[in-house]
Amino acid sequence: VYMVLVTDMTKVTQESYGALLPIMQKLDSAKAKWFVVSVSDLALVKQMADAAKINFLYYNSDGDILKQIMEENTGIVVLQKGVVVKKYREGQIPSPDELISQ
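Spelled out as structure tokens, the structure:
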């Protein structure tokens, strides 16, 4: 299961979005289990989904909780049976194929 963190949608940079979009597209096409978590208004997250033309689950969370998981604004957390097995911080996100192959 892949948790895509976008803590604050208003602070997403072009670089971050450029790294996340191909991964979200790959997760979607591979039928992987994944979701987005953000502190932002869910309408903003839905706008991202609509712009990317990807249908995904998205949830709100407390910002303090997300900062405990990852300090950066964006990143990906890989979970197995509810346990964090890998975290990719903003600027360290692998290619979509590398991520899926793990």
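The C-terminal position of the sequence shown is numbered 111 in the numbering used here, with every residue numbered one higher than the one before it. Idealized CB from N, CA, C, for every residue including glycine.
field: Length-filtered (4 minimum) alpha helix (DSSP H) runs lying within the segment 40-86
entry: Listed in chain order, the complete alpha helix (DSSP H) runs (minimum 4 residues) inside the segment 40-86 are 51-61, 72-78.
Three-state class that DSSP yields for GLN23 in the structure shown = Shown here, GLN23 sits in a helix according to DSSP, grouped into three states.
*Is the CB-CB distance between MET79 and ALA61 below 9 angstroms?*
No, the pair does not count as a contact, with Cβ atoms beyond the cut-off.
Can you name the start and end residues of the alpha helix (DSSP H) that ILE102 belongs to? No alpha helix (DSSP H) holds ILE102; DSSP gives it neither H nor E.
* Does the beta-carbon of TYR68 have 16 or more other beta-carbons within 10 angstroms, so that it is buried, or is it exposed? -> By the C-beta density criterion, TYR68 is exposed, having fewer than 16 other C-beta atoms within 10 angstroms.
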